[in-house]
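Asks: The structure is given below, and queries will be raised subsequently.
2 protein chains.
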Amino acid sequence: MTVKSPEFVYICDPPSKNAQGSLSGLRLGVKDLFHIAGIPTGAGNPEWLSSHHQPADVTSPVVSALLQAGATLLGKTLTDELAYSLEGLNQHYGTPTNPKAPNRIPGGSSSGSAVAVANGSIDIGLGTDTGGSIRVPASYNGLYGFRPSHGAISCKHLVALSPRFDTVGWLTRDLPTMKQVAEVLLPASTESSLSHLVVCNIEGVESWKQARQQLLKALTSQFLSVKYIDLSDEQLTKASAAFRVLQGREIWRVHGPWIEQQQPNFASDISDRFTWCKSLREIDEEQAEISAQEFVNFWHSHVLPSDNHVLIIPTTPGAAPLLDMSASAQLKYRNRLLGLTAPAGLTESPQINLPYLESEQAPWGVSLLARSSCDRSLLTCVHKLDKIFKL
Amino acid sequence: MTVKSPEFVYICDPPSKNAQGSLSGLRLGVKDLFHIAGIPTGAGNPEWLSSHHQPADVTSPVVSALLQAGATLLGKTLTDELAYSLEGLNQHYGTPTNPKAPNRIPGGSSSGSAVAVANGSIDIGLGTDTGGSIRVPASYNGLYGFRPSHGAISCKHLVALSPRFDTVGWLTRDLPTMKQVAEVLLPASTESSLSHLVVCNIEGVESWKQARQQLLKALTSQFLSVKYIDLSDEQLTKASAAFRVLQGREIWRVHGPWIEQQQPNFASDISDRFTWCKSLREIDEEQAEISAQEFVNFWHSHVLPSDNHVLIIPTTPGAAPLLDMSASAQLKYRNRLLGLTAPAGLTESPQINLPYLESEQAPWGVSLLARSSCDRSLLTCVHKLDKIFKL
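Respectively, the protein sequence lines represent chains A and B. Sequential numbering from 11 applies to the first sequence in my numbering. Sequential numbering from 11 applies to the second sequence in my numbering.
Set out below in structure tokens:
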């Protein structure tokens, strides 16, 4: 075991290759939440690693499928502690360097997979996305990043965060590679044509207005109809608040017993969030459930009323925050960020980040979002747009 | 809501049809463990239904995928109480009649889906299989029944029994329909050729010796090699004991709180099993885990040493037991049955029941079993054999 840079926590030496197939020649990095038989799973926290220190005796079916399809496993990649952060700072193992913007955070929690794809070490970065952990680092590192519909891809044999919202996805530098992986992992469901574009107006994201105009100039001709929808601060705050409570209650059910027993050393912001999870009451969860259901109803009646609609939305409020951002600014930023990432989780929808924008000379991603189970339709739609937009 | 026969617990009137696709024209029944938005989920127990009596507000992604592919939903089908039985007797809702052997049990827990497919009411019976709940009724009703690899198909939005072992599968009358559903639901992973046949010798299943000889006469030419392996009573008993404890501990974690609070009225054998689950200790689970791992190691080194091997094994010890079997005989039979069904669960492997045998003038199924993630390879292999063996 050789550790060479923070994005990798475990290097397969020699790289592991089992079969020939459609992914032959592509190098794979696997976020260190997935179990791979014979390798310990660390989940970004040294005490997790030491208290579960035996090598796993099972392999995630997603990893098995990628290896069977010919991918070469280079190693396991860094995750934020128990995947409960969107920043990519890890106080124990260091912060992988965002190669597109070295003075900015890489984003997380799939920080290692994103950085290793962005700096060219690997071609496929396998990750998980509960509250944005693929989409956010994809936006910050200028990558394609896909969060599938809930239930489309197995979450078996990985360290869960909040099973209700946990999804398995991946990051790539280009769309063809993204689609090759989709061919291996996604169920072969029927496609619909995403012919109606929904463009959101978002309060408080000024740069989105300009970016959107540029995008729309070229986009409009590709759709039968284009409509605008307002997503108010109030709506997005309501969505993110409901998401956080539902996620938080589940996180405590999943990780509370271990945290209480082990009292592990977490970064202070992560530790604060776990403490907050513990403080949540059943009544908070019940109210969040009602609020979530109202948001889902609004979404299905007003935002994406059919399987033929696709939404365009900024993935993050802008480019990655600077590494030296203050803790209070971070907290405020996190709330705005979750307003943009929570809708996919609450509505169980597929979302793909596309590296089409820049802000402050750093990458900034835009997303397409379709209705649940329309994963293949979404990728086909992106294929059409990618030819026009690729920077 | 009209209820016409015990196999259906909920009829969609009119049948629900959303889309055109590869499954257009095929009638679907869904085991009443899966959530479908707008319909209550009953899980085979009236107190479950009444304490969770609101219609579900989510739909299983598997059901969504089948509807998107054009299947017509006829209704929801009966399950044994919380799916914790292999018999198909339900004291609350009645026992669906096994159309191939009306004096015998239908098998469960996917009893309604199996019977409705066997009697021609539906073409696709969606079910779950934790410890045999698709394979067993498939064997008893003369059907094709598929249990996929763990993680191949989502278990989201259904009433869990033991998530470690829960799988979603389906029953059909013919192989083409089985494969059409597989095309919609299975990930498009790479195939290997199952060119090496492993034939098991099983102590105590006398009729298997004869049946096997007949099968092998025609089979041998289809494989590069054929080898025999002994599965002793001791090995199978060890496997089923480990399976039952691991399943039992998890069942109590999943359902214990509700059972303690609700004190529901269960059939006496099911109630006894839940009480047994409650009595299991952590140390029992730890020992079962070791025992399970030993069995998995044996399986991967001696039974199915590579992705090119396929095992042939009787699905059940014989045809369905008679309806008037005594409780003590049932208990003994259940132990032998679990010895045959536990290996797929412990090794996370795909298994398909094929309706090729008869015993006592009733259907008796034989199974093919491959290594985990080789679901498509298994179905392709069956395709080759089906032409030869179909009764």
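Beta carbons: idealized from backbone N, C-alpha and C, even for Gly.
Give the interface partners of A/P186 over in chain B, defined as CB-CB distance under 9 angstroms, in chain order.
Replies: In chain order: nothing, as chain B lies at least about 16 angstroms away.
Asks: Is it right to say A/P238 is buried, meaning 16 or more other beta carbons lie within 10 angstroms of its own, or is it exposed?
Replies: Just to set this straight, residue 238 of chain A is Tyr in the shown sequence, not Pro. Exposed.
Asks: Taking only beta-carbon atoms, is A/R386 less than 8 angstroms away from chain B?
Replies: no
Asks: Is the shortest distance between the beta-carbon of B/V127 and the beta-carbons of chain A less than 8 angstroms?
Replies: By the rule that beta-carbons nearer than 8 angstroms mark a contact, B/V127 does not touch chain A.
Asks: Relative to the C-alpha of B/P214, which residue among B/P327, B/L290, B/A352 and B/S369 is closest?
Replies: Contrary to the premise, residue 214 of chain B reads as Gly rather than Pro in this sequence. Ranking the options by Cα distance to B/G214, first place goes to B/P327.
Asks: Taking the Cβ atom as the reference point for each residue, do B/D90 and B/G142 lie within a distance shorter than 8 angstroms?
Replies: no
Asks: Excluding sequence positions up to five away, which residues of its chain have a Cβ less than 7 angstroms from the Cβ of B/I323?
Replies: Taken in chain order, the residues that qualify are C210, L350, S377 and L379.
Asks: From the beta carbon of A/K298, is the nearest beta carbon of chain B less than 8 angstroms away?
Replies: As written in the sequence, residue 298 of chain A is Ala, which differs from the Lys given in the question. Chain B contact via Cβ: absent.
Asks: Work out the CA separation of A/E304 and B/L59 for me, nearest whole Å.
Replies: 24 angstroms
Asks: Distance check for A/P353 and A/G161, CA to CA, integer angstroms please.
Replies: 16 angstroms
Asks: If contact means a Cβ-Cβ distance below 9 angstroms, which residues of the region 132-165 of chain B contact chain A?
Replies: S159, H160, G161, A162, I163, S164 and C165
Asks: Nearest-angstrom Cα distance between A/M11 and A/K86?
Replies: Per-residue confidence for A/M11 stands at a pLDDT of 39, beneath the threshold of 50, marking its modelled position as unreliable; no derived number is given.
Asks: So, does the CB of B/P315 fall closer than 8 angstroms to a CB anywhere in chain A?
Replies: no
Asks: Beta carbon of B/A249, beta carbon of B/L356: below 8 angstroms?
Replies: Their beta carbons are under 8 angstroms apart, which means B/A249 touches B/L356 by this criterion.
Asks: Which residue marks the beginning of the beta strand (DSSP E) containing B/N345, and which one marks its end?
Replies: First-last for B/N345: A337 to T357, but that is the alpha helix (DSSP H), not the beta strand (DSSP E).
Asks: Closest to A/P373 by CA distance: which of A/I362, A/A329 and A/L364 is it?
Replies: A/A329
Asks: Closest to A/V68 by CA distance: which of A/A79, A/H62 and A/G48 is it?
Replies: A/G48
Asks: By Cβ distance below 6 angstroms, which residues in the same chain neighbour B/C287 in space, the five residues on each side in sequence not counted?
Replies: G258, I261 and W262
Asks: For B/D67, go through chain A and note every residue whose CB falls closer than 7 angstroms to its CB, in chain order.
Replies: By Cβ distance, chain A contributes Q303.
Asks: Would you call the region 190-197 of chain B in contact with the region 303-320 of chain B, where contact means no fewer than 3 C-beta pairs closer than 8 angstroms?
Replies: no
Asks: Can you tell which of B/Q245, B/L92 and B/P24 has the C-alpha that lies nearest to the C-alpha of B/S119?
Replies: B/L92
Asks: B/R37 to A/T247, Cα distance in whole Å?
Replies: 43 angstroms
Asks: When you compare only the Cα positions, how much space is there between B/A66 and A/A302?
Replies: 15 angstroms
Asks: Using the beta-carbon count (16 or more within 10 Å), is A/P112 buried or exposed?
Replies: exposed
Asks: By DSSP's criteria, B/A372 is part of a beta bridge. Which residues make up the other side?
Replies: Answer by DSSP bridge pairing, in chain order: B/S369.
Asks: Nearest chain B C-beta to A/G39 closer than 8 angstroms, yes or no?
Replies: no
Asks: Going along chain B, which residues have a C-beta under 8 angstroms from A/E97?
Replies: For A/E97, no chain B residue has a Cβ inside 8 angstroms of its Cβ, as the nearest lies near 28 angstroms away.
Asks: So with Cβ pairs under 8 angstroms, would you call A/H393 a contact of chain B?
Replies: Using beta-carbon distances, A/H393 does not count as an interface residue toward chain B, since no partner is under 8 angstroms.
Asks: Taking the Cβ atom as the reference point for each residue, do B/S383 and A/P71 lie within a distance shorter than 8 angstroms?
Replies: yes
Asks: Where DSSP assigns a beta bridge to B/W262, which residues make up the other side?
Replies: Beta-bridge pairing links B/W262 to no other residue.
Asks: Quick one: is B/I398 buried, meaning 16 or more other Cβ sit within 10 Å of its Cβ, or exposed?
Replies: exposed
Asks: Just reading off the alpha helix (DSSP H) that A/R157 is part of, what are its end residues?
Replies: Note, A/R157: premise wrong, no alpha helix (DSSP H); beta strand (DSSP E) at Y154 to R157.
Asks: Mind checking B/G130: buried by the 16 CB within 10 Å criterion, or exposed?
Replies: exposed
Asks: Could you tell me the alpha carbon to alpha carbon distance between A/L314 and A/S199, rounded to whole angstroms?
Replies: 19 angstroms
Asks: Taking the C-alpha atoms as reference points, what is the distance between A/L341 and A/S281?
Replies: 14 angstroms
Asks: Runs of 4 residues minimum, wholly inside the region 274-308 of chain A: which ones carry the alpha helix (DSSP H) assignment?
Replies: 278-289 and 292-308
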